[in-house]
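Residue numbers (our numbering): 10 to 109.
Reading through the structure tokens given below for one structure.
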């Protein structure tokens with residue numbers, strides 16, 4: 010199960026994802042985040058409470074980044090070591106904008 014919390018300040022949106030971002034949760038999370046992007050030019054996705062990410066979750070982050078690229082910059086922040094390991098092994102550190 011995954012949950013999201015959002016904090017919007019002007020044109021800056023911070024979204025925190027907690028739990029598991031996998032086949033069961035990724036499409037719902039993707040839809041919710043994409044629905045929040047109107048008027049946003051800076052998107053921070055806080056992964057400090059993310060416990061697990063599958064290939065479906067990786068695809069979700071790529072889709073959000075691709076959609077959002079035309080209106081602003083997306084950054085991933087506060088990534089746990091085990092999630093960062095997955096990003097590194099899969100090569101996603103070269104694709105996603107990760108702030109360490």
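Quick reminder that beta carbons are idealized off the backbone N, C-alpha and C, glycines included.
Every unbroken beta strand (DSSP E) inside the region 63-95 [3 residues or more]: DSSP runs (the beta strand (DSSP E)) wholly in the region 63-95: 82-86.
Nonlocal neighbours in the same chain, by C-beta distance under 8 Å from residue 33, ignoring five residues either side: Taking the chain shown and counting its residues from 1, the one referred to as residue 33 is at position 24. If we look at residue 33 and ignore the five residues flanking it on each side, its Cβ neighbours are 10.
CA nearest to the CA of residue 82, picked from 48, 31, 40, 26: Within the chain shown, residue 82 is the residue found at index 73, counting from 1. Considering only 48, 31, 40, 26, the residue with the shortest C-alpha distance to residue 82 is 48.
Straight-line gap, residue 69 to residue 94 (C-alpha atoms, nearest Å): The count along the chain shown starts at 1 and reaches residue 69 at position 60. The count along the chain shown starts at 1 and reaches residue 94 at position 85. Looking at the two C-alpha atoms, the distance is approximately 18 Å.
Helix, strand or coil at residue 98 according to DSSP, with G and I counted as helix: On the chain shown, residue 98 is found 89 positions in, with the first residue counted as 1. Helix, per DSSP.
Span of the beta strand (DSSP E) around residue 43: As a position in the chain shown, residue 43 is number 34, starting the count at 1. Not the beta strand (DSSP E): residue 43 falls in the alpha helix (DSSP H), residues 35-43.
Residue 13 - partner residues in DSSP beta bridges: Taking the first residue of the chain shown as position 1, residue 13 is located at position 4. Beta-bridge pairing links residue 13 to 26.
Rounded C-alpha distance that separates residue 109 from residue 79: Counting from 1 along the chain shown, the entry for residue 109 is found at position 100. Counting from 1 along the chain shown, the entry for residue 79 is found at position 70. So the two alpha carbons sit approximately 24 Å from each other.
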